[in-house]
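Residue numbers (numbering that gives the first Met the number 0), protein chains in the order written: chain A, 0 to 350; chain B, 0 to 350; chain C, 0 to 350; chain D, 0 to 350.
Reading through the structure tokens given below for one structure.
Protein chains: 4
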Amino acid sequence: MPGNTFGTAFRVTTFGESHGKAVGVIIDGATPKVELREKDIQHELDRRKPGQSSVTTPRKETDTVHIMSGVFEGRTTGTPILLILYNEDMRPEAYDDIKKLFRPGHADFTYLAKYGIRDHRGSGRASGRETAARVAAGAVARKMLAARGVKITAYTLRAAGVGCNSIDFKEIEKNPMRAPDAVAAAEMVKRIIALAETGNSAGGIVECVIEGVKPGIGDPVFEKLDAEIARAVMSIGAVKGIEIGSGFAAADMHGDEHNDWRDGSGFLSNNAGGIIGGISTGQKIVFRAAVKPTSSISLPQKTTDTDGNEAEIVTEGRHDPCICPRIVPVVEAMAAIVLEDQYKRQSALHG
Amino acid sequence: MPGNTFGTAFRVTTFGESHGKAVGVIIDGATPKVELREKDIQHELDRRKPGQSSVTTPRKETDTVHIMSGVFEGRTTGTPILLILYNEDMRPEAYDDIKKLFRPGHADFTYLAKYGIRDHRGSGRASGRETAARVAAGAVARKMLAARGVKITAYTLRAAGVGCNSIDFKEIEKNPMRAPDAVAAAEMVKRIIALAETGNSAGGIVECVIEGVKPGIGDPVFEKLDAEIARAVMSIGAVKGIEIGSGFAAADMHGDEHNDWRDGSGFLSNNAGGIIGGISTGQKIVFRAAVKPTSSISLPQKTTDTDGNEAEIVTEGRHDPCICPRIVPVVEAMAAIVLEDQYKRQSALHG
Amino acid sequence: MPGNTFGTAFRVTTFGESHGKAVGVIIDGATPKVELREKDIQHELDRRKPGQSSVTTPRKETDTVHIMSGVFEGRTTGTPILLILYNEDMRPEAYDDIKKLFRPGHADFTYLAKYGIRDHRGSGRASGRETAARVAAGAVARKMLAARGVKITAYTLRAAGVGCNSIDFKEIEKNPMRAPDAVAAAEMVKRIIALAETGNSAGGIVECVIEGVKPGIGDPVFEKLDAEIARAVMSIGAVKGIEIGSGFAAADMHGDEHNDWRDGSGFLSNNAGGIIGGISTGQKIVFRAAVKPTSSISLPQKTTDTDGNEAEIVTEGRHDPCICPRIVPVVEAMAAIVLEDQYKRQSALHG
Amino acid sequence: MPGNTFGTAFRVTTFGESHGKAVGVIIDGATPKVELREKDIQHELDRRKPGQSSVTTPRKETDTVHIMSGVFEGRTTGTPILLILYNEDMRPEAYDDIKKLFRPGHADFTYLAKYGIRDHRGSGRASGRETAARVAAGAVARKMLAARGVKITAYTLRAAGVGCNSIDFKEIEKNPMRAPDAVAAAEMVKRIIALAETGNSAGGIVECVIEGVKPGIGDPVFEKLDAEIARAVMSIGAVKGIEIGSGFAAADMHGDEHNDWRDGSGFLSNNAGGIIGGISTGQKIVFRAAVKPTSSISLPQKTTDTDGNEAEIVTEGRHDPCICPRIVPVVEAMAAIVLEDQYKRQSALHG
């Protein structure tokens, strides 16, 4: 019932605070006998870690993963896999000044409302740092999905008001925005650096394409594949919206435009985004997430403290002026966890 | 693990096919000693039922609810409540012609891919009729939420390319679109009837406003209040996207615009949509769902049959040219189920 | 979180009160395309129903099952199966006298303590009648297990102080005790009728043997196969104890006696009861349940009423002087539900 | 769906292998703002750790617990608590000889059957070492239960054929058997040492008494308080049976003997063991677990290897000749986890 677990057949539970001792995840239900090395996971963590470029936070965390259980002689045993990342660059004292202040856009106020106590150091549990655990778990899911022929690719489709005009997967890892359009990426970076210099931040849109999912994956009614993806992606802190296939554009379409016809070669269009009735069609699954501008900015803002007094806050510290490039691997990880879970559930249904 | 259950502390499990004997729901976890009469539920079902107006399907279902268990002398006992709606206007033979055809936009193909068998009569389990069970369960959740001071109001914000220019809750139930703007509603109806006459259909956007939720409701990390709402709403068949607060508009905003400041009177804006870090702020919760145009249209369409042969299909039968007005109570119901569940979970955490 | 659901991959949720409108069950996760007719289920229900013999209650319930969903043209579709049994021989007024009295051995006091309200009619939800829903669900599980080669046989091993001296499965359904020893059965019946004539009741032990389970079924750590069986069986109202294999006798054994050795032909003994480390060994699974004497007796007993006043109670009505023969199919049903669930979970793990 | 998690509102997930890097647990759902220090947990771990006396294994593990998350300035925050115990006295090489042998009574054979791979070092995940994680989690549950006035006391009631003749809680921690009867304890120790000298082992019975549980705790139907206790206790490796209250003795009792009458002072007896209809009565909860003799013995035994060849095995190494004294804190821990979970669930129901 508490919300730190995702998935049923492939189940991950994350733990840890931003400036506590560690963050990490238990993965329960991993297929046995799958080769798994720390470097498989580290590769994905390195894509999410801070300090990669001028558009990300300079916090120094190597995010080194340790496999603590569930792997024997380089292969999964089917028992719980604990992955732990010890925190290194902790500066809890950097947050002393804002101990009693509610930072705008942050979960300070709501955590206190819910729990009656909060670890104020770097957002504690509400920190984006928690997503490192998701990426680690997603890397394990991806090992299994790779064997199924499933490939997941996310990228920044739009940021700081700049959209991509072309989609070339080979470009994604070549620019700091993880955008599939080199020209657009350069313009995004330029605008974001300008914003950062004024102490401001930018939002964007991350798109994800999943290839190779066979038809029949996903479990109606409430755990439809798109519903699970929506939950998974919306559970990432900065995400304010999610759409599948035609998405919000469907609102202004007519039935004859929107329906995906079929002929002998299969579906002729993909407004459905690869999912109908909550079940995969075998086409590419395509969805987009709206990412809000980073809440931590250096401009002075109005707020209140925990006693209800009005105050002005200027958030110092190390922030991402646009979180999109670092959300890309998180979106991929969540998609991977959803899919590995649903594949296993399909096996259970017929097993 | 199978996906017909939603919620943990307040848990609903739906059953039934469109042209089978019945549809309905078991509600487990209802607060004991709450007054509950069939008419409380019937009122909501009547808002969803077919045949209400010129913009909805003429299928005749009274959708009469029967409380079969869990209620004693007009009050809940805390044991499972079975609500059943016997199907009446079943015409399974009307679907014989399309028994072997995959209807575009429908889950025919994917259900067969998943299960290896399908009840082809009126979409079987994938029918919108399943949402009657959700509305019935939502009505029970609303009884409890009413006692908490929570009020949920959804409406058609946009349909057939026509958007509302004003929001007046009192207008909603006065027009067949369930739109909060009488003028816009009239234009929507006009366009939808025109589309229906050509055998076509329209999409739209449904917005939902939840008032009275106290701060602190929602459970990070994976079961954030907005993530649960996203899942709940995306699990409604026709929904292609969901956004909270600023939603997709956040992508083009800057941090100083998006952050909701506070002063002594509370929050000064609501880009968050009433939820930060997955937990309610105490403000109005606001979200929007993108609704695709109804897949059942009378225009000839290309498809294939279950043997892979190409075919043309013209869907006869009784359809909604725009499903928005009937999705409104479903969205409210799903929001109610999420909230009642989360309220109870908050009690468990501190209990 | 509420407790009316059992299982994860094969999941059953029961509903209904003894003297309400109906009892029944939703089964979610049934394998698709399995032949299922009402008569398959009815056969098992007839073994549990009241009025079968002199040692069971004369309440008249045909326990006729209706498949309301999830089955199409005689085969499961993989969607939820609602099984409903409408109550017939309801006599709620028979319970008016004891409306405010706590019957000894019954859950009257505890239900009121938990819920603050109770349906006093024939124990309401706490009635043994709830087990009809379990038997119905178990019958569905058994269809699938039969295809796996799994056979489940329970019987009365001991009752009213009389134990069986031989185990002959062919005898079980030939005597009203469902005992595998005809001679012992006759003596049990004699003693129970004598007890019933004095208004008293008897307890006993039900043993269950499961054949054909392949090695490797069961999920450590907390959901070991024996732990799940223990939960399933202990959740039957009258059961006060459960033991697997050597059971309580193990307490006085030494390691060299208890360990089951192996040679080329497999295990040489079965003190483990067919389960080691929570996982099936491939041997017969053997467990026993202790059944308390029926709480409803006609002898005068001391109790209190809901206002705390002392009172004497004489329970009139229709009761089973020994519940063992009717618990036999319930034990089999619960074992079937556990096993079908665990088989599916094993498929998920490797799937 | 994988079985390494227990509980719903108060949820624990354990991880780790006997000779891997660490064992531990994530606790999700802990009440916020509860004081929690490592020493609170260490105290319970010290009761379970090896090397305490002549009747327990000499393996040297300090079982030092580290709180890695979920606690801030000495108080729980309501977020997941990771407790980790790094393994110290690992001797994986000690198991090389038996790498390919199935040890009688151990889960070697069944783990391989289930997973197709096994960590053979000291039983891997199937080791009793996993219970250290349970004890750690139970210690956290006990902090919360203490505030509710709930007290849990387990002890060795019988071992090596010697039963206690008196129950004095003050004696329990004074003797190595954790028996409540000093005289019986001395005799148990004598017999167990004699058995150990011949390379053999002994079983026993552990009883648990829970005081202070208010009436109304426990959730029918499938998650009855006694059913959950049965599952929790049966999930401990060496347990072969569990009985509540009268237990197996109920089989030979009559209704008038077994029913617990009430007068103005409350219940007059406690055959129910403090639970009726799955719900606490407010009386003491009493249950007993049958513990098998330790499987690891030094006597030569017949077995087979992973290739099916017959073999003789003599298990060297460090073993407990009777596990009862070390199971005592594990039983208490599992009871604590069940109760804290059920208290929270009761809050959810009415919350």
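Every residue gets a Cβ at the ideal spot worked out from N, C-alpha and C, and that includes glycine.
Give me the residue from A:Ala29, A:Glu34, A:Gln300, A:Val11 with the minimum Cα distance to Gly23 (chain A).
Out of A:Ala29, A:Glu34, A:Gln300, A:Val11, A:Val11 has the C-alpha closest to the C-alpha of Gly23 (chain A).
Quick check: is the beta carbon of Asn86 (chain B) nearer than 9 Å to any beta carbon in chain G?
In the structure shown, chain G does not exist; the protein chains are A, B, C and D.
Beta-carbon contacts of Asp421 (chain C) that lie in its chain and below 6 Å, excluding the five residues immediately before and after:
This structure does not reach residue 421 (chain C), given that chain C is present from 0 up to 350, and the question cannot be answered.
On the CB-based measure, 16 or more other CB atoms within 10 Å of its CB, does Val313 (chain D) come out buried or exposed?
With fewer than 16 other Cβ atoms within 10 Å, it is exposed.
Counting only beta-carbon atoms, is Asp255 (chain B) nearer than 9 Å to chain A?
For Asp255 (chain B), the answer is yes, since a Cβ of chain A falls inside 9 Å of its Cβ.
Taking 8 Å as the threshold, find out whether the segment 75-91 of chain D comes into contact with the segment 129-142 of chain D through three or more Cβ pairs.
Yes: at least three Cβ pairs fall under 8 Å.
Checking contacts by CB at 9 Å: is Arg344 (chain C) closer than that to chain A?
Cβ-Cβ to chain A under 9 Å: yes for Arg344 (chain C).
Quick check on the burial criterion: 16 or more other C-beta atoms within 10 angstroms. Buried or exposed for Phe247 (chain A)?
So Phe247 (chain A) counts as buried.
On the CB-based measure, 16 or more other CB atoms within 10 Å of its CB, does Asn3 (chain B) come out buried or exposed?
A residue is called buried once 16 or more other Cβ atoms fall within 10 Å of its Cβ, and Asn3 (chain B) is buried on that count.
Is the segment 278-298 of chain B touching the segment 191-211 of chain B in the sense that three or more CB pairs, one from each, lie closer than 8 Å?
Touching, yes.
Listed in chain order, which residues of the segment 28-55 of chain C have Cβ atoms closer than 8 Å to some Cβ of chain A?
Within the segment 28-55 of chain C, the qualifying residues are Gly28, Thr30, Pro31.
Kindly examine the ligand FAD and report whether one of its heavy atoms sits closer than 8 Å to the Cβ of Ile97 (chain B).
Absence of the ligand FAD from the depicted structure is noted, as is the absence of any ligand whatsoever, leaving it without description.
Consider the Cβ of Asn174 (chain A): report whether some Cβ of chain B lies at a distance smaller than 9 Å.
Answer no: the Cβ-Cβ gap between Asn174 (chain A) and chain B never drops below 9 Å.
Limits of the beta strand (DSSP E) - the one that Ala289 (chain A) falls within:
Segment 284-290, the beta strand (DSSP E) holding Ala289 (chain A).
Under 9 Å Cβ-Cβ, which residues of chain D neighbour Thr63 (chain B)?
Residues of chain D passing the Cβ test: none, with the nearest at roughly 28 Å.
Mind listing the chain A neighbours of His349 (chain C)? Cutoff is C-beta to C-beta under 8 Å, in chain order.
Result: Thr30, Pro31, Ser346.
Evaluate Ser17 (chain B) with the Cβ neighbour count: other Cβ atoms within 10 Å of its Cβ, from every protein chain shown; 16 or more gives buried, anything less gives exposed.
In the assembly as shown, Ser17 (chain B) is a buried residue. Its beta-carbon has 16 or more other beta-carbons within 10 Å.
Are Ala226 (chain B) and Met233 (chain A) closer than 9 Å when you measure CB to CB?
Less than 9 Å separates the beta-carbon of Ala226 (chain B) from that of Met233 (chain A).
Check the Cβ-Cβ distances between Pro214 (chain B) and every residue of chain D, and say whether any is below 9 Å.
At a cut-off of 9 Å between C-beta atoms, Pro214 (chain B) does not count as an interface residue with respect to chain D.
Taking 9 Å as the threshold (C-beta atoms), are Ala125 (chain A) and Glu315 (chain A) in contact?
Not a contact, by the Cβ cut-off of 9 Å.
Taking only runs that begin and end inside the segment 137-220 of chain B, name each unbroken alpha helix (DSSP H) of 4 or more residues, in chain order.
Complete alpha helix (DSSP H) runs here, min 4: 181-196.
Taking C-beta pairs closer than 8 Å, name the residues in chain D that Ser165 (chain C) reaches, listed in chain order.
The premise fails here: Ser165 (chain C) is roughly 19 Å from chain D at the closest Cβ pair, so nothing lies under 8 Å.
Below 8 Å, can you find three or more Cβ-Cβ pairs linking the segment 323-330 of chain A to the segment 274-281 of chain A?
Taking 8 Å as the limit for Cβ pairs, the verdict is that the segment 274-281 of chain A does not touch the segment 323-330 of chain A.
Is the Cβ-Cβ distance between Val285 (chain D) and Val212 (chain D) less than 9 Å?
No, the Cβ-Cβ distance between Val285 (chain D) and Val212 (chain D) is not below 9 Å.
Just to confirm, are Leu44 (chain B) and Thr75 (chain B) a CB contact at a threshold of 9 Å?
Cβ atoms of Leu44 (chain B) and Thr75 (chain B): not closer than 9 Å.
Check whether Gly160 (chain D) and Asp62 (chain C) have beta carbons under 9 Å apart:
Their beta carbons are not under 9 Å apart, which means Gly160 (chain D) does not touch Asp62 (chain C) by this criterion.
Three-state class that DSSP yields for Val22 (chain A) in the structure shown:
Three-state result, Val22 (chain A): strand.
Mind listing which residues of the segment 69-99 of chain C have their C-beta closer than 9 Å to chain A's C-betas, in chain order?
Only Gly77, Thr78, Pro79 from the segment 69-99 of chain C bring a Cβ to less than 9 Å from some Cβ of chain A.
Report the neighbours of Gln300 (chain A) on chain B: residues whose CB is nearer than 7 Å to its CB, in chain order.
Contact annotation for Gln300 (chain A) against chain B: Asn258, Trp260 [CB-CB distance below 7 Å, chain order].
Would you say Ala8 (chain A) reaches chain C, if we count a Cβ-Cβ gap shorter than 9 Å as a contact?
Closer than 9 Å to some Cβ of chain C, the Cβ of Ala8 (chain A) qualifies, so yes.
Using the Cα positions of Lys173 (chain C) and Lys38 (chain C), report the straight-line distance between them to the nearest angstrom.
Between Lys173 (chain C) and Lys38 (chain C), the alpha-carbon positions lie close to 21 Å from each other.
So that I know if they touch, is there some Cβ in chain B lying closer than 9 Å to that of Met0 (chain D)?
Judged by the 9 Å Cβ criterion, Met0 (chain D) is in contact with chain B.
Cβ neighbour criterion (16 or more within 10 Å) applied to Asp319 (chain C)
Result: buried.
Euclidean distance between Cα positions of Asn352 (chain D) and Asp304 (chain A):
Not covered by the structure: residue 352 (chain D). The range shown for chain D is 0 to 350.
Is Met333 (chain C) closer than 9 Å to Ala184 (chain C) when the C-beta atoms are compared?
Taking 9 Å as the cut-off, the Cβ atoms of Ala184 (chain C) and Met333 (chain C) do not count as close.
Suppose you measure from the CA of Gly73 (chain A) to the CA of Tyr342 (chain C); what does that come to, to the nearest Å?
Taking the straight line from one Cα to the other gives about 27 Å.
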